[in-house]
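Undergrad: Residue numbers (full-length UniProt numbering): 1 to 244. Sending over a structure as structure tokens; questions will come in a sec.
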């Protein structure tokens, strides 16, 4: 989605969210994805204006409803100690799961990126995981796949890791390299001036369709029109003075 202020948000409906902000918003953003400054010291800036020191406390302050479950602190790895050193019994399982990064599913990226770094990140994620260890690898794998796509090499890897599969809303289809410029009816009407051209993975409408104001895929020709905040059905005509 692209907002009127130029902020662009991409979400894979699972674990990965990407935020792109124009330079005009520098120094004005704060949220779960951090800030938009030249310092990493204020990434945990809260709605109250203070800076938390832990991810759990920071996330807790951004809860918008009391019904949301409390946020637990991630596994403590202070002092630079690696999670796989803290939990050596998890190391073999982590290696078995993360070896997919070294396998054929990601082979096309091996000459484009330092895949060893992503493998190390994956190991840390699994060793520090308190839930399903396979699910904990999904973010590392998605980050690697995204970086590879940015290099011009999109990958289809999720079918090899069923736990990382993305269930799309009814009527939408999953693509490993989707067109981020597939506008909704509202975006088509407003004619966005910019669009990030590199492909992204995610759920999109089938060819020839787009999202309406209810989030459903419909033929582009069936899009309603918006004028002065009101929706009008397709082919709607209204005479205003001498204009139609």
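We put the beta carbon where it would ideally sit given N, CA and C, even for glycine. Bear in mind that the values here come from a model prediction, so they are computed numbers and not experimental data.
Tell me which residues share the same chain as residue 6 and place their Cβ nearer than 6 Å to its Cβ, disregarding the 5 neighbours each side in the sequence.
TA: 22
Undergrad: Specify the secondary structure class of residue 262 as computed by DSSP and reduced to three states.
TA: Lying before the first or after the last residue shown, residue 262 is absent from the chain, which here runs from 1 to 244.
Undergrad: Just list the residues that DSSP pairs residue 214 with in beta bridges.
TA: DSSP, once it has assigned bridges, lists no residue as partnering residue 214.
Undergrad: Can you pull the DSSP bridge partners for residue 104?
TA: DSSP output for residue 104 lists no bridge partner at all.
Undergrad: In this structure, does DSSP put residue 77 in helix, strand or coil?
TA: With a pLDDT of 49 at residue 77, under the threshold of 50, the predicted position of this residue should be treated as unreliable, though the coordinate-derived value follows. DSSP places residue 77 in coil when its eight states are reduced to three.
Undergrad: Could you check if residue 124 is buried or exposed, using at least 16 other CB atoms within 10 Å of its CB as the buried criterion?
TA: Residue environment analysis places residue 124 among the buried positions, since at least 16 neighbouring C-beta atoms fall within 10 angstroms of its C-beta.
Undergrad: Quick one: residues in its chain with C-beta nearer than 8 Å to the C-beta of residue 239, no 5 flanking neighbours on either side, listed in chain order?
TA: none
Undergrad: Identify, in the order they occur along the chain, each residue of the same chain with its Cβ nearer than 7 Å to the Cβ of residue 209, setting aside the five sequence neighbours on each side.
TA: 217, 218, 219, 220
Undergrad: If we count the other Cβ atoms within 10 Å of its Cβ and call it buried at 16 or more, is residue 108 buried or exposed?
TA: exposed
Undergrad: If you measure between the beta carbons of residue 98 and residue 91, is that distance less than 7 Å?
TA: no
Undergrad: Report all residues from its chain with a CB closer than 7 Å to the CB of residue 206; omit the five preceding and five following residues, and keep chain order.
TA: 173, 217
Undergrad: Does the Cβ of residue 227 have 16 or more other Cβ atoms within 10 Å, making it buried, or fewer, making it exposed?
TA: exposed
Undergrad: Counting only the same chain and skipping the five closest in sequence on each side, list residues whose C-beta sits under 7 Å from that of residue 112.
TA: 148, 151, 153
Undergrad: Report yes if the C-beta distance between residue 44 and residue 58 is below 7 Å; otherwise report no.
TA: For residue 44 and residue 58, yes; Cβs fall inside 7 Å.
Undergrad: Cutting at 6 Å between CB atoms, please list the residues of its own chain near residue 62, excluding the five before and the five after it.
TA: 32
Undergrad: Pick out whichever of 202, 102, 237, 10 has its Cα sitting closest to the Cα of residue 169.
TA: 202
Undergrad: Alpha carbon to alpha carbon, what distance is there between residue 4 and residue 17?
TA: 19 Å
Undergrad: Determine the contact status of residue 101 and residue 87, defining contact as a CB-CB distance below 7 Å.
TA: no
Undergrad: Rounded to a whole number of angstroms, what is the C-alpha to C-alpha distance between residue 77 and residue 165?
TA: Note that residue 77 scores a pLDDT of 49, beneath 50, so its modelled location is shaky; the value from the coordinates is reported in the next line. Each residue's alpha carbon lies about 29 Å from the other.
Undergrad: For the beta strand (DSSP E) that contains residue 142, what are its first and last residues?
TA: Careful: residue 142 lies outside any beta strand (DSSP E), inside the alpha helix (DSSP H) at 133-150.
Undergrad: Please tell me whether residue 178 has its Cβ less than 7 Å away from any Cβ of chain C.
TA: No chain C appears in this structure, which consists of one protein chain only.
Undergrad: Apart from the five residues on each side of it in sequence, which residues of its chain come closer than 8 Å, Cβ to Cβ, to residue 223?
TA: 185, 188, 189, 210, 212, 234
Undergrad: Is residue 25 helix, strand or coil when you go by DSSP?
TA: helix
Undergrad: In terms of DSSP beta bridges, what is residue 202 paired with?
TA: 175
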